[in-house]
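K.L.:
Sharing a structure, written as structure tokens. Questions coming.
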Amino acid sequence: MGEVEKVFTSGLAEKLSEDKIITEDDLDPEFAAEIIRYGGKDVMTCLQCGNCTGVCPISLKIEYKTRTTIKYCQFGMRKQTLETRWVCATCYRCYEHCPADLNPAELMIALRHIAIREGIIPPFVKVAATNLLQYGMTVRPDEAMIKERVKMGLPVLPQTKPGWEEVKKQIVTIIQTTKYDRLLGIAPKEGSE
Amino acid sequence: MTSPESKKPEEKIGVFICHCGTNIGGVVNCEKVAENISKLPGVVVSKDVKYACSDLGQEDIRKAIRENGVNRVVVASCSPRLHEFTFKKCVEGAGLNPYFMHMVNLREQCSWVHMKEPEKATQKAEDLVKMGVDRSRLLTPLTPREVSVEKSCLVIGGGISGIQAALDIGDKGFKTYLVEKEPSIGGHMAQLDKTFPTGDCAICILAPKMVEVARNPNIEILAYSEVVDIEGYVGNFKVKIRRKPRYVIEDKCVGCGVCAEKCPVKVPNEFDCGFGTRRAIYVPFPQAVPLKYTIDKEHCLHFKTGKCQLCVKACVNQAIDHKQEPIDIELNVGTIIVATGFDTYVPIRKGVYKYWEYKNVITALELERLINAAGPTGGHLVRPSDGVEPKRIAFIQCVGSRNIKLQHKYCSRVCCMYAIKNAQIISEHTPDSEIAIYYNDVRAFGKGFEELYHRVREDYGVEFIRGRPAKLTRDPLTENITIRAEETLLAKITEREFDLVVLSVGLIPAAGTSPIQKMLSLPVSDDGFLQESHPKLRPVETAIEGVFICGCVQSPKDIPDSVAQAKGAASAASTMMIKGKHIVEPLCASVTNELCVGCGLCTEVCPYKAIELKEVDGLTKAVVTEALCHGCGTCAASCPQHAISQLQFTDDQILSELTAALGSTNGAKDSAGGG
Chain C
350 MGEVEKVFTS GLAEKLSEDK IITEDDLDPE FAAEIIRYGG KDVMTCLQCG NCTGVCPISL
410 KIEYKTRTTI KYCQFGMRKQ TLETRWVCAT CYRCYEHCPA DLNPAELMIA LRHIAIREGI
470 IPPFVKVAAT NLLQYGMTVR PDEAMIKERV KMGLPVLPQT KPGWEEVKKQ IVTIIQTTKY
530 DRLLGIAPKE GSE
Chain P
291 MTSPESKKPE EKIGVFICHC GTNIGGVVNC EKVAENISKL PGVVVSKDVK YACSDLGQED
351 IRKAIRENGV NRVVVASCSP RLHEFTFKKC VEGAGLNPYF MHMVNLREQC SWVHMKEPEK
411 ATQKAEDLVK MGVDRSRLLT PLTPREVSVE KSCLVIGGGI SGIQAALDIG DKGFKTYLVE
471 KEPSIGGHMA QLDKTFPTGD CAICILAPKM VEVARNPNIE ILAYSEVVDI EGYVGNFKVK
531 IRRKPRYVIE DKCVGCGVCA EKCPVKVPNE FDCGFGTRRA IYVPFPQAVP LKYTIDKEHC
591 LHFKTGKCQL CVKACVNQAI DHKQEPIDIE LNVGTIIVAT GFDTYVPIRK GVYKYWEYKN
651 VITALELERL INAAGPTGGH LVRPSDGVEP KRIAFIQCVG SRNIKLQHKY CSRVCCMYAI
711 KNAQIISEHT PDSEIAIYYN DVRAFGKGFE ELYHRVREDY GVEFIRGRPA KLTRDPLTEN
771 ITIRAEETLL AKITEREFDL VVLSVGLIPA AGTSPIQKML SLPVSDDGFL QESHPKLRPV
831 ETAIEGVFIC GCVQSPKDIP DSVAQAKGAA SAASTMMIKG KHIVEPLCAS VTNELCVGCG
891 LCTEVCPYKA IELKEVDGLT KAVVTEALCH GCGTCAASCP QHAISQLQFT DDQILSELTA
951 ALGSTNGAKD SAGGG
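Chains as they are written, first to last, in the working numbering: chain C, 350 to 542; chain P, 291 to 965.
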């Protein structure tokens with residue numbers, strides 16, 4: 350596995366303990382309402398038919414099941430849900446097939462909003478944001494990749510093009526004005542690379 | 291000199307403020323309201339009562355009319371929807387025209403919505419009653435009209451519901467016309483194999499009823515006919531029916547079938563959902579009533595080439611007549627029952643279930659024909675792709691139902707049970723079959739249903755998989771279908787292969803319903819089915835008086851419920867016909883001929899076709915058919931000449947209430963002005 354892949358797949362293990370009995374103390378009754386405020390549609394109308402999981406490309410590969418996320422949200426299992434729903438590719442296949450006209454992809458995005466605000470930030474998000482600040486792009490290709498591109502006669506990446514520094518400065522300004530860096534807890538870099 | 295018109299009889303208004311127990315009295319100070327109202331001009335009686343609708347309360351009202359000469363009654367209580375009839379009858383009993391009674395709603399529109407503000411609620415109650423009192427001064431005595439009701443009924447639709455309704459009405463002695471657009475009555479029930487939960491063979495229990503219909507001297511079956519126009523109103527409907535040509539003389543055809551044996555044309559059989567074939571001259575199924583052959587003009591060789599006469603030569607009774615024309619008849623009936631039934635949902639092209647793309651994906655109705663002993667395969671279930679008996683069969687539930695994206699939000703009610711029933715039939719026939727039912731919920735709610743659900747799991751090992759299939763793929767060599775679904779109870783995505791997949795399709799209103807609905811201006815529910823008057827208490831009546839509905843045209847249901855509802859509709863229609871007359875409420879539009887210029891705008895906006903342009907004394911005027919008028923007021927609002935007024939809701943009456951409302955003192959003014 351390359352450097353890039355290692356970074357982006359670390360820290361995503363399921364944290365839900367299956368042996369524990371869930372009691373009211375583990376639940377948050379306002380969770381479903383909060384999700385609506387963050388842009389997810391009303392999860393309470395979900396019939397749990399499982400069609401979303403059936404069409405989800407991510408659900409095929411890992412333990413993650415789209416439908417169970419929605420069930421946890423209905424139930425109010427806030428802690429478990431916020432730490433584990435970062436792999437959604439937002440392909441929207443779930444939305445296309447849902448008979449109750451719900452949008453699990455939007456729900457995942459809403460959950461991410463809520464998680465970030467509570468400081469639950471998976472490592473890869475921090476890495477991507479730091480890259481954005483430092484290099485102006487979220488995925489920073491490593492040296493090996495650049496060498497390959499040169500070998501194949503492909504154009505080199507923007508970070509070595511003239512005018513790129515200006516663009517990068519604008520990106521940094523946006524990040525700092527919107528306090529995105531503060532939200533994620535990453536220190537802004539002075540100057541340019 | 292005073293003219294007679296200027297001397298109006300003096301209005302003596304009686305006002306009754308109801309406590310309704312604590313419903314109103316707990317929030318509104320009824321004694322105070324009654325006292326303040328008593329000071330208004332013309333009010334001779336103003337009192338608060340505990341329950342105006344009770345015998346005591348009603349006696350109070352009647353006493354006021356008899357002893358105090360009250361000639362306008364204002365009852366300030368609950369919604370008119372509850373007790374308007376009660377109070378109208380009450381004042382009528384004391385000799386006062388019921389249209390001099392006016393109700394003010396102090397409950398739903400006052401006490402119930404302002405429970406936390408009793409003082410303001412009391413002030414509002416007083417304002418509302420003042421408005422009612424002023425309006426009552428302008429009420430006019432109206433007389434209900436009586437129309438006669440023809441003692442005959444038209445039943446549209448010859449399925450099990452129409453058949454049952456016709457039988458009940460015919461048995462009561464009323465002339466009944468049963469119109470059916472197919473060549474035979476029987477409807478979809480004739481296509482089914484066995485019925486749930488008992489396993490009764492559908493045609494075996496249906497055919498005797500069909501024969502009873504034919505035998506009943508009061509019922510006239512008009513098969514292969516369609517209703518083309520309906521005019522008139524309750525008790526007096528004029529119906530135009532087109533009898534389509536069978537190209538067979540009904541009186542001469544004995545149903546022997548020799549013509550069909552000789553016919554060289556074979557076409558896919560609609561009754562068998564396209565699986566079997568029939569001839570161009572055919573009966574839809576052997577138990578057809580009436581047992582008369584019909585020529586399908588579209589495929590008959592004679593109509594195409596002018597040459598083939600094989601059936602003509604074969605028929606010993608010379609019953610074939612290729613020159614037949616449609617016959618239009620007109621009927622006069624008193625009541626109409628709409629029982630046009632359902633069609634099954636047709637899955638979309640390129641849908642997830644690949645109904646149009648994969649050969650071995652069929653609908654439940656197609657399955658009924660394949661497992662039916664009278665069907666195209668003699669009851670042997672075979673796969674469409676290769677004619678081989680399938681061993682592994684999957685049912686997919688909720689196809690076309692419970693789906694907001696498809697605009698079919700409703701549950702079709704019968705699919706859970708028919709899938710269970712079909713699973714049992716297939717297991718009986720093929721003991722080594724493996725059957726799986728992919729469900730979302732199992733709705734086994736009726737009598738004997740849960741028992742059958744239990745039985746298919748216990749005795750036949752049918753597997754119930756909870757999960758809505760996400761993807762169907764096909765093996766190009768074997769034409770087997772693989773279903774991928776998340777089995778939610780396992781929380782695992784699984785893929786299973788089947789030989790045959792059956793889609794449990796939902797029910798939609800039959801295609802023939804729409805023209806009837808438009809002819810009668812029948813309201814339609816959100817789900818597309820015809821709307822009943824009240825979902826709980828008036829399931830067979832409609833907004834159009836004299837028109838009743840029953841069976842699946844009202845909403846999806848199974849055979850026992852259809853029969854029960856048909857009997858209900860028959861009873862409702864019969865009540866009207868037994869009475870022989872019907873009271874029409876006089877709350878309708880009234881045209882002042884002198885003002886009407888005959889522009890016809892009102893005729894364009896009326897939803898009930900109750901107003902038309904007619905010749906009156908040589909001039910074109912708008913004329914209202916009171917029996918059709920629902921008193922909605924749309925025509926009155928549309929008239930540019932203000933020639934139409936809505937009786938009991940005239941401009942004067944409404945404006946009087948507004949004047950009273952705007953002119954009254956409100957709480958803020960009092961406290962600010964100090965009195």
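Even for Gly, the Cβ is constructed at its ideal location relative to N, Cα and C.
From the DSSP output, in three-state form, read off residue 494 of chain C for me.
P.N.:
helix
K.L.:
If I'm right that residue 413 of chain C touches residue 436 of chain C with Cβ under 8 Å, what's the distance once you round it to whole angstroms?
P.N.:
6 Å
K.L.:
So for residue 885 of chain P, helix, strand or coil by DSSP?
P.N.:
Secondary structure at residue 885 of chain P: coil, using DSSP grouped into helix, strand and coil.
K.L.:
Quick check: the Cα distance between residue 961 of chain P and residue 406 of chain P, rounded to an integer number of angstroms?
P.N.:
Any reading at residue 961 of chain P is ruled out, since the residue's pLDDT is 39, under 50, leaving its predicted position unreliable.
K.L.:
Going by DSSP, what residue range makes up the alpha helix (DSSP H) through residue 786 of chain P?
P.N.:
No alpha helix (DSSP H) contains residue 786 of chain P, which is instead part of the beta strand (DSSP E) from 782-788.
K.L.:
Please compile the residues from chain C whose C-beta is within a distance smaller than 7 Å of the C-beta of residue 966 of chain P.
P.N.:
Absent from the structure is residue 966 of chain P, since the part of chain P shown begins at 291 and ends at 965.
K.L.:
Taking C-beta pairs closer than 8 Å, name the residues in chain P that residue 417 of chain C reaches, listed in chain order.
P.N.:
781
K.L.:
Mind checking which residues open and close the beta strand (DSSP E) that includes residue 530 of chain P?
P.N.:
Where residue 530 of chain P is concerned, the enclosing beta strand (DSSP E) stretches over 526-533.
K.L.:
In whole angstroms, what is the alpha-carbon distance linking residue 702 of chain P and residue 472 of chain C?
P.N.:
49 Å
K.L.:
If you count every other CB in all the chains shown that lies within 10 Å of the CB of residue 478 of chain C, and 16 or more means buried, which is it?
P.N.:
buried
K.L.:
Does residue 307 of chain P get closer than 8 Å to chain C when you measure Cβ to Cβ?
P.N.:
no
K.L.:
Quick one: which unbroken alpha helix (DSSP H) runs of 4-plus residues sit fully inside the stretch 552-602 of chain P? Chain order, please.
P.N.:
Here the runs fully enclosed are 591-595.
K.L.:
Within 10 Å of its beta-carbon, does residue 473 of chain P have 16 or more other beta-carbons around it, so buried, or fewer, so exposed?
P.N.:
That one is buried.
K.L.:
At what residues does the alpha helix (DSSP H) containing residue 380 of chain C begin and finish?
P.N.:
Secondary structure note for residue 380 of chain C: its alpha helix (DSSP H) is the uninterrupted segment 380-386.
K.L.:
Is the Cβ-Cβ distance between residue 439 of chain P and residue 899 of chain P less than 8 Å?
P.N.:
It is not a contact, given that the beta carbons lie outside the stated cut-off.
K.L.:
Can the beta-carbon of residue 828 of chain P be found less than 8 Å from the beta-carbon of residue 822 of chain P?
P.N.:
yes
K.L.:
Could you check the C-alpha separation between residue 579 of chain P and residue 478 of chain P for me, to the nearest Å?
P.N.:
14 Å
K.L.:
Give the C-beta separation of residue 498 of chain C and residue 505 of chain C to the nearest angstrom, bearing in mind that I take them to be a contact with Cβ-Cβ under 8 Å.
P.N.:
7 Å
K.L.:
Quick check on residue 400 of chain C - is its C-beta less than 8 Å from some C-beta in chain P?
P.N.:
yes
K.L.:
Could you work out which residues of chain C lie near residue 758 of chain P, taking near to mean beta carbons separated by less than 8 Å?
P.N.:
398, 399, 400, 403, 448
K.L.:
With a cut-off of 8 Å on the beta carbons, I'd call residue 467 of chain P and residue 512 of chain P a contact; round off their distance for me.
P.N.:
6 Å
K.L.:
Can you find the residues in the same chain that come closer than 6 Å, C-beta to C-beta, to residue 448 of chain P, ignoring five residues on each side of it along the sequence?
P.N.:
Short of 6 Å from the beta carbon of residue 448 of chain P, and not among the five residues preceding or following it, lie these beta carbons of its own chain, in chain order: 468, 470, 475.
K.L.:
For residue 527 of chain C, report the span of its beta strand (DSSP E) as first-last.
P.N.:
Neither: residue 527 of chain C is in no beta strand (DSSP E) and is coded neither H nor E.
K.L.:
Between residue 642 of chain P and chain C, is any beta-carbon pair separated by less than 8 Å?
P.N.:
For residue 642 of chain P, a Cβ of chain C is located within less than 8 Å of the residue's own Cβ.
K.L.:
Just curious, the alpha helix (DSSP H) that residue 705 of chain P is in, first and last residue?
P.N.:
Residue 705 of chain P -> alpha helix (DSSP H) spans 705-719.
K.L.:
Does any C-beta atom of chain C lie closer than 8 Å to the C-beta of residue 957 of chain P?
P.N.:
Its pLDDT being 39, under 50, residue 957 of chain P is placed unreliably in this model, and the coordinates cannot settle the point.
K.L.:
Leaving out five residues before and five after residue 516 of chain C in sequence, what residues of the same chain have Cβ atoms less than 7 Å from its Cβ?
P.N.:
485
K.L.:
Would you mind reading off the limits of the beta strand (DSSP E) that contains residue 391 of chain P?
P.N.:
391-395
K.L.:
Would you list the one or two residues that DSSP bridges to residue 490 of chain P?
P.N.:
P:485
K.L.:
Am I right that residue 787 of chain P and residue 770 of chain P are in contact with their C-beta atoms under 8 Å? What's the rounded C-beta distance?
P.N.:
5 Å
K.L.:
Taking one C-beta from the stretch 906-919 of chain P and one from the stretch 849-867 of chain P each time, how about it: are there three or more such pairs within less than 8 Å?
P.N.:
no
K.L.:
Between residue 622 of chain P and residue 441 of chain P, what straight-line distance do the alpha-carbon atoms span, to the nearest angstrom?
P.N.:
10 Å
K.L.:
Could you check the C-alpha separation between residue 967 of chain P and residue 672 of chain P for me, to the nearest Å?
P.N.:
Because chain P is modelled from 291 through 965, residue 967 of chain P falls outside the range shown and cannot be assessed.
K.L.:
Taking residue 482 of chain C as the reference, give the member of C:514, C:510, C:448 with the closest Cα.
P.N.:
C:514
K.L.:
Check distances from the C-beta atoms of the stretch 762-781 of chain P to those of chain C and list, in chain order, the residues that come in under 8 Å.
P.N.:
Cβ contacts with chain C: 774, 775, 776, 777, 778, 781.
K.L.:
Quick check on DSSP: helix, strand or coil for residue 844 of chain P?
P.N.:
coil
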